[in-house]
Every structure is written in structure tokens, then in C-alpha cells.
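Q: Here the sequence shown is numbered in my numbering, starting from 163 and rising by one per residue.
Glycine is no exception: its CB is placed at the ideal position from the N, C-alpha and C atoms.
Next up is a structure, given as C-alpha cells.
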Amino acid sequence: MSSLTLNLGYWAYPLRGQPIRYLLELAQYPYQQTNYTFEGANDWFEKDKKELGLDFPNLPYLIHGDFKITESQNIVDYVLDLTKQHHLLGSGLTKFQIDNVRFLCNELISKIFLASTKTGEEKKAEINNSVTPKFKRLQAVLGNKKFFFEDKLTLADIYAYTAINALQHLLNDEYKQFAQAFGPFMKNFEEIPLIKAYHSSTRYPRFK
Ligand SMILES: N[C@@H](CCC(=O)N[C@@H](CS)C(=O)NCC(=O)O)C(=O)O
């Protein structure tokens, strides 16, 4: 299985597909990526979406040899299995609390992106209704801990980091009120050696 090429297709931004990239990086699992740009979106919509042979064409997608799947959470589960990183899911009842943060942040990431595409009153309403209240809860749950579940990195941190990073880059005015509270957490994540190396590599599709 491991000798097959693994290709991850997604937009060239650290949004919904980004946790999958972190999982591959943390496992040092060799992968290729097809990162579509918004300017070159036709490469996806007019070509690969029709030609890759995906049962349910969408982004992100994962192609591992002849095996092809979509749905970001499904891909996360596949990569966790493939790379044997089940510890990131936690155990016992904590597993469900970790997934609580995971699924909340997954939704939040797309809400942030949606709000960033709006203007004026519409944007304000999206932010006030769908974004800010969720970050207030995340702030309360994180408290002063190193990571969401104490000192051990879990999938919750990978999703929360992705969501907070998206807020910082796409809705920076909103981020400011959370900068102090989330700053240490962001730094803790960024200082994980494999993450640090990844963030400074060309593999990381950072916000421009
Ligand atoms: N439920 C899907 C949603 C996927 C989705 O909405 N993908 C967006 C980007 S986050 C997209 O641009 N898809 C490309 C398309 O609709 O063709 C998942 O979790 O993967």
C-alpha cells in the first residue's frame, strides 16, 4: 500500500482540506498534492472534476493508487488509519469531545470563508451569527491549556488551529479580539518541529 502514490487534491489554501495535509506531514507520509488556484479554477471544474474518475467529484479528494475518495472527514479517517495516528482521536469519552471540536471547527472554517466573500451588512451578520459566538466558546473551552486536551496534541488542535488561522487571515478585524487568547495556543502548535518545518516549506499553501 505504502509504495503507491498518494495524491491529495484541494484548493491552494489552508482551509477545509488543510487538516489532511497536517496529518500527512505529522506522519512524514510521502504525498503529492494538486493544489488548484481560484484563478485557475477551470483546471478543477472543467477538467479534473470530470476526468479523474471520482465517484463523487469534490475538493478535497484523495487518490491512492487506484483508490479514490472524497469528503474531507472521510479522507481524514482514511489518513489516520493509513498513518496509524489513531492516538490523535483520543479514547473513551474524550474521543467524542475531540470530535466535537473537530466537527465544529470544520463547519466554522467554511463559515469564515463564506463571510470573507461577503460585504457590508451581510458580512457583519454572517460574522455575528455564525463566526464570533463559536470562537468565544472555543476560547472558553481552551482556557489556559497548552492544547485543547491538556498537553497532548489531538485532532481537535489540528482543526482549531486551521480555523483560527483562517480567521486571522480572512477576517483579521474579527481575529484581533481573540489574538491574545489564542496566541499561545497558535504558537504551541507552530512550534511542533514537524509543523515548523512544514510551514516554512514550499509544500505549505499559505494564505497569500
Ligand atoms: N462535504 C464536503 C464539502 C466539500 C466542499 O464544499 N468543497 C469545496 C471547498 S471546501 C469545493 O470548492 N468543492 C469543489 C466543488 O464543488 O466542485 C467535504 O467535507 O469534503
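Find the nearest neighbour of Thr294 within the set His248, Glu336, Arg178, Arg365, judged by alpha-carbon distance.
A: Checking every option, the nearest Cα to that of Thr294 belongs to Glu336.
Q: What are the complete beta strand (DSSP E) segments, minimum 3 residues, inside the segment 209-260?
A: Fully enclosed beta strand (DSSP E) runs of 3 or longer: 223-226, 229-232.
Q: Ligand 1 and Gln195: does the residue's C-beta get closer than 7 Å to at least one heavy atom of that ligand?
A: Gln195: no, Cβ never under 7 Å from ligand 1.
Q: Just to confirm, does Lys230 get its C-beta within under 7 Å of one of the non-hydrogen atoms of ligand 1?
A: No, Cβ of Lys230 sits at least 7 Å from all heavy atoms of ligand 1.
Q: Just checking my contact of Thr316 with Gly252 at CB under 8 Å: how many whole Å lie between their CB atoms?
A: With 8 Å as the limit, Thr316 and Gly252 qualify as a contact, their Cβ atoms being about 6 Å apart.
Q: Tell me whether Asn220 counts as near ligand 1, meaning its Cβ is closer than 7 Å to at least one heavy atom of that ligand.
A: Yes, Cβ of Asn220 sits closer than 7 Å to a heavy atom of ligand 1.
Q: For Ala302 and Gly179, what's the separation of their Cα atoms in angstroms?
A: Cα-Cα distance, rounded: 26 Å.
Q: From Asn262 to Ala318, what distance separates their C-alpha atoms?
A: For Asn262 and Ala318, the distance between alpha carbons rounds to 8 Å.
Q: For Arg183, verify whether its CB is less than 7 Å away from any heavy atom of ligand 1.
A: It does not: the Cβ of Arg183 is nowhere closer than 7 Å to a heavy atom of ligand 1.
Q: At the level of alpha carbons, what is the spacing between Arg264 and Pro181?
A: Using only the alpha carbons, I get a separation of about 10 Å.
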